[in-house]
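K.L.:
Supplied in C-alpha cells, the structure appears directly below.
There are 2 protein chains.
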Amino acid sequence: MDKPAARPKRTRIQREKRELIGEAALEVFSQHGFRGSTIDQIADAAGMSKPNLLYYFKNKEEIFATLIHRLMETWLAPLREMDATGDPHTEIRSYIRRKIEMARDFPRESRLFANEILQGAPRILPLLEGELKELVDEKAAIIATWMRAGRLKKSDPYHFIFAIWATTQHYADFDVQVRAVLGENRGGEGRFEDAARFLEGLFLA
Amino acid sequence: MDKPAARPKRTRIQREKRELIGEAALEVFSQHGFRGSTIDQIADAAGMSKPNLLYYFKNKEEIFATLIHRLMETWLAPLREMDATGDPHTEIRSYIRRKIEMARDFPRESRLFANEILQGAPRILPLLEGELKELVDEKAAIIATWMRAGRLKKSDPYHFIFAIWATTQHYADFDVQVRAVLGENRGGEGRFEDAARFLEGLFLA
DNA sequence: GCAATTTTTGACCGTTTGGACAAACGTTAA
DNA sequence: TTAACGTTTGTCCAAACGGTCAAAAATTGC
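Following this line, the structure appears as C-alpha cells:
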C-alpha cells in the first residue's frame, strides 16, 4: 500500500524550473498565505508566464503541497539530530541554537509552515499525526531518560519540546512584533543572539 | 492631531447587528485569514444577506479592522494587570495562567491575531510600535526591578515576556499540531492544565 | 538540415468575489 | 393615514482569479 507515487522522470530544465518556481512560491505564499496568493504573482516572481508555470505544476494546490512537504524535512532535521548518547545539555543547547538559526535564516519557511498549521493543517495533518508524532515520541523518550537520570531538570518532555518550538519559531513568525517592541536599539540583527542566550538560560537552568 | 475619529451615533439595532457581525467575522476570519474569507461567508454566518451586512460595515476591510482593534485590548489585558507591588512569583504565575486560559477559551482571537502578525501586521503595526511597545517597556522595567532585587531569576525581561507569549499562544495557534503529537491519550482537555503546570515550572524555576 | 519533442505564450473562458444600487419592507410618530 | 426614516434584499457589474487550449518558438536527436 501507499507506494511512493512513481515519480515521473524529469528533464534537467524541468527540474530547474520546478526549483525556480518553488523558490518564487515560497516567497509569495509565505507573505500572503495560500488563498491570499495568486498564480500570477508566483509566475511573476519566477519570471515566467502563468500558462508556463502551469506547464510545470498541475495547479496552485500542487505547488503548495510540493513546497510544504519538502519543507517538513528541513524543518524536522534539527530534532532528528538530537543524539541519545550525547551530553543532554550539549544536545539541547545545539538544538536551540539550530532552531534559532533557522528562524533567522529561513523565516519564510517558518511562516509558511505556521500559516498551514493556523488554518488547521488541511494538507499535512496526516504527516503531523504520523511522521512528526513518531519522531517526537522517540525524542521525548530520550529526554525523559535524561530527566530520570538527573542529567536534565525534570519536567514534561512533550511540553518541553513544544516550548522550544514555540519560543524559537516566535522569532521568525512574529518577527514584526518582536522588532516593533524591541525598537531601534535592540531590534537589530543582535536580537537572534540575545534570544539564543536567553533561551539557553531558560531551558537549561 | 489624531482625534478619535468622531464616533458616529448608532441605534440599538446597529450596535447589536455590528456585534453579531463581529462574532461571525471572528469565526470566519480566524479560520481562513483575511484574503481567504469572503463577505458572503461572514454574512451567512451572521444570518443575513451580503448587502445587509454592507449596510453596517463599509467593506470587508472595515470589518477586519474593527475586529482586530477591539481584540488588541482583550489581548493585552492580562499583561496590564501585572502589578509592580505584588509578589513576583505570584504575578508571573497569574499572568501565565491567564494567558493559558485565553489560549483555551479564545483560540479564535489568538489565531486571528497570529494571522495578522504573520502577514507583517499591515493593519496594526502602528499599534505594536506605540501602545504595545509602551506597555511592554513598562512591564519589562518592573520585571527587571524584580530581577535586580533577587526576587526573580535574572534574565532578559523582554525575551522573558516574548517567551511567555510564544509558549502560551502556541497552545491556541498550533493546537492542531499539539493535539496531533500528544495523540488520543494526552491530547484531551487536560493538555491546557498540563501546559500551565509545565510553564510555571519553566518560568519560575 | 530537419523532424520530433519540449517549452513558452497570447487569447480566452467560467467562476468567484467585492461592492453598488434602487426598490421594497418595516417601524415610528405626528 | 401617512410621511419620514431605518432596514433588508434581489439584481447587477467590473475586476480578479484559476485554469484551458491551440499555436508559436525553442530545443533536441538524428
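The listed protein sequences correspond, in order, to chains A and B.
The opening residue of the first sequence carries number 1 in this note's numbering; numbering runs sequentially from there.
The opening residue of the second sequence carries number 1001 in this note's numbering; numbering runs sequentially from there.
Ideal Cβ positions, reconstructed from N, Cα and C, are used throughout, including at glycine.
(1) Which residue wins for smallest C-alpha separation from L76(A), given the options A196(A), F203(A), V136(A) and R108(A)?
(2) Just mark R7(A) as buried or exposed, buried being the case when its beta carbon has 16 or more other beta carbons within 10 Å.
(3) Contact criterion: CB-CB distance below 8 Å. Does E1129(B) meet it with respect to chain A?
(4) Quick check on DSSP: helix, strand or coil for N115(A)?
(5) Any residues in the segment 1144-1158 of chain B with a beta carbon nearer than 9 Å to a beta carbon of chain A? Which ones, in chain order?
(6) Nearest-angstrom Cα distance between R1123(B) and G1033(B)?
(7) Could you tell me whether the Cβ of T1074(B) comes closer than 8 Å to any Cβ of chain A?
(8) Do you know offhand how far D1175(B)'s Cα is from A1195(B)'s?
(9) Grab me the residues of I1158(B)'s own chain with a C-beta within less than 6 Å of its C-beta, minus the 5 sequence neighbours each way, in chain order.
(10) Could you check whether the segment 1094-1112 of chain B touches the segment 1142-1156 of chain B, counting it as contact only if at least three pairs of C-beta atoms, one from each stretch, sit closer than 8 Å?
(11) Given that D173(A) touches chain B, what residues does it touch there, using C-beta distances under 8 Å?
(12) Note down, in chain order, each residue of its chain lying with its Cβ closer than 7 Å to the Cβ of K60(A), except the 5 sequence neighbours on either side.
(13) Can you tell me whether D1156(B) is buried or exposed? The criterion is at least 16 other CB atoms within 10 Å of its CB, across all chains shown.
(14) What did DSSP end up calling G86(A) once you bin it into helix, strand or coil?
(15) Hey, out of Y1056(B), R1035(B) and I1042(B), whose CA is closest to R1012(B)'s CA?
(16) Looking at the C-beta of V176(A), does it have a partner C-beta in chain B at a distance below 8 Å?
(17) Who are the neighbours of H1032(B) on chain A, taking C-beta pairs under 8 Å?
(18) So with CB distances below 7 Å, who are the chain A contacts of A1046(B)?
(19) Quick check: A103(A) and Q169(A), are their CB atoms within less than 8 Å of each other?
(20) How far does the alpha helix (DSSP H) with L1128(B) in it extend, from its first residue to its last?
(21) Over what stretch of residues does the alpha helix (DSSP H) that includes R1151(B) continue unbroken?
(22) So which residues on chain B does L204(A) lean against when the C-beta distance must stay under 9 Å?
(23) Of all the options E1023(B), Q1031(B), R1015(B) and A1121(B), which has the alpha carbon lying nearest to the alpha carbon of G120(A)?
(24) Express the C-alpha separation of G1022(B) and E1016(B) in angstroms, rounding to a whole number.
(25) Does DSSP put E1189(B) in a helix, in a strand, or in coil?
(26) Distance, Cα to Cα, G187(A) vs I1164(B)?
(27) Classify A1205(B) as buried or exposed, calling it buried when 16 or more other Cβ atoms lie within 10 Å of its own Cβ.
(28) Checking 8 Å against the spacing of the C-beta atoms, do A1025(B) and I1063(B) come in under that value?
(29) Out of I1092(B), R1179(B) and M1048(B), which has the shortest C-alpha to C-alpha gap to R1151(B)?
(30) In the DSSP assignment, find the alpha helix (DSSP H) that holds A206(A) and state where it starts and stops.
(31) In angstroms, rounded to a whole number, what distance separates the CA positions of S37(A) and L1118(B)?
(32) Cutting at 8 Å between CB atoms, please list the residues of its own chain near Y95(A), excluding the five before and the five after it.
(33) Going by DSSP, what residue range makes up the alpha helix (DSSP H) through K60(A)?
(34) The alpha helix (DSSP H) spanning G1036(B) covers which residue range?
(35) Quick check on P126(A): buried or exposed, where buried means 16 or more other Cβ atoms within 10 Å of its Cβ?
P.N.:
Taking the definition as stated:
(1) The count along the first sequence starts at 1 and reaches residue 76(A) at position 76. That would be V136(A), whose Cα lies nearest to the Cα of L76(A).
(2) As a first step, residue 7(A) must be located in the first sequence, where it is residue number 7. Caution applies to R7(A), whose pLDDT of 47 falls short of 50 and renders its modelled position unreliable; the value that the coordinates give is listed next. The residue is exposed, with fewer than 16 neighbouring Cβ atoms inside 10 Å.
(3) Translated into the one-based positions of the second sequence, residue 1129(B) becomes position 129. Answer yes: the Cβ-Cβ gap between E1129(B) and chain A drops below 8 Å somewhere.
(4) Sequence index remark: in the first sequence, residue 115(A) carries index 115 (1-based). N115(A) falls in the helix class under three-state DSSP.
(5) K1153, K1154, S1155, D1156 and Y1158
(6) Here residue 1123(B) is taken as the residue at index 123 of the second sequence, counted from 1. Here residue 1033(B) is taken as the residue at index 33 of the second sequence, counted from 1. One C-alpha to the other measures close to 13 Å.
(7) Looking up residue 1074(B) in the second sequence gives position 74. It does not: the Cβ of T1074(B) has no partner Cβ on chain A nearer than 8 Å.
(8) The residue given as residue 1175(B) occupies position 175 in the second sequence. The residue given as residue 1195(B) occupies position 195 in the second sequence. Cα-Cα distance, rounded: 12 Å.
(9) Numbered from its first residue, the second sequence carries residue 1158(B) at position 158. A small correction: the amino acid at residue 1158(B) is Tyr; Ile does not occupy that position in the sequence shown. Within the same chain, Y1158(B) has close Cβ partners A1140.
(10) no
(11) Along the first sequence, one-based indexing puts residue 173(A) at 173. The contacting residues are A1114, I1117 and L1118.
(12) On the first sequence, position 60 is the one that residue 60(A) refers to. So the qualifying residues of the chain are I39.
(13) By one-based count along the second sequence, residue 1156(B) stands at place 156. Looking at its Cβ environment, which holds 16 or more other Cβ atoms inside 10 Å, D1156(B) is buried.
(14) Taking the first sequence and counting its residues from 1, the one referred to as residue 86(A) is at position 86. Here G86(A) sits in coil by DSSP.
(15) The residue given as residue 1012(B) occupies position 12 in the second sequence. The residue with the shortest Cα to Cα distance from R1012(B) is Y1056(B).
(16) In the first sequence, residue 176(A) corresponds to position 176, counting from 1. Cβ-Cβ to chain B under 8 Å: yes for V176(A).
(17) As a first step, residue 1032(B) is located in the second sequence; it is residue number 32 there, counting from the start. Simply R35 and Q119.
(18) For the purposes of this step, residue 1046(B) is taken as residue 46 along the second sequence, with counting starting at 1. Going along chain A, no residue has its Cβ under 7 Å from A1046(B), so there is no contact; the nearest lies around 21 Å.
(19) Looking up residue 103(A) in the first sequence gives position 103. Looking up residue 169(A) in the first sequence gives position 169. Contact flag set, yes.
(20) Reading the second sequence from its first residue, position 128 is the one you call residue 1128(B). No alpha helix (DSSP H) holds L1128(B); DSSP gives it neither H nor E.
(21) Counted from its first residue, the second sequence places residue 1151(B) at position 151. From DSSP, R1151(B) is part of no alpha helix (DSSP H); its letter is neither H nor E.
(22) Translated into positions along the first sequence, residue 204(A) becomes position 204. Residues of chain B passing the Cβ test: none, with the nearest at roughly 10 Å.
(23) As a working note, residue 120(A) is residue 120 in the first sequence. It is Q1031(B).
(24) Here residue 1016(B) refers to the residue found at position 16 of the second sequence. Here residue 1022(B) refers to the residue found at position 22 of the second sequence. Near 10 Å, if we compare the C-alpha coordinates of G1022(B) and E1016(B).
(25) Along the second sequence, one-based indexing puts residue 1189(B) at 189. Reduced to three states, the DSSP call for E1189(B) is coil.
(26) Within the first sequence, residue 187(A) is the residue found at index 187, counting from 1. Within the second sequence, residue 1164(B) is the residue found at index 164, counting from 1. Each residue's alpha carbon lies about 19 Å from the other.
(27) If you number the second sequence from 1, residue 1205(B) lands on position 205. Per the 10 Å Cβ criterion, exposed.
(28) Position 25 of the second sequence, counting from 1, holds the residue named residue 1025(B). Position 63 of the second sequence, counting from 1, holds the residue named residue 1063(B). Cβ distance < 8 Å, so A1025(B) and I1063(B) count as in contact.
(29) Counted from its first residue, the second sequence places residue 1151(B) at position 151. Cα-wise, what sits closest to R1151(B) is I1092(B).
(30) Residue 206(A) cannot be examined here, being either before or after the span of chain A that is shown, 1 to 205.
(31) The residue given as residue 37(A) occupies position 37 in the first sequence. The residue given as residue 1118(B) occupies position 118 in the second sequence. Their backbone Cα atoms lie some 14 Å apart in a straight line.
(32) Translated into positions along the first sequence, residue 95(A) becomes position 95. Closer than 8 Å at the Cβ level, and outside the excluded window around Y95(A), lie P78, L79, E81, M82 and I164.
(33) Taking the first sequence and counting its residues from 1, the one referred to as residue 60(A) is at position 60. Counting along the chain, the alpha helix (DSSP H) containing K60(A) begins and ends at K60 to R80.
(34) In the second sequence, residue 1036(B) corresponds to position 36, counting from 1. Here the alpha helix (DSSP H) through G1036(B) covers R1012 to G1036.
(35) If you number the first sequence from 1, residue 126(A) lands on position 126. P126(A) should be labelled exposed.
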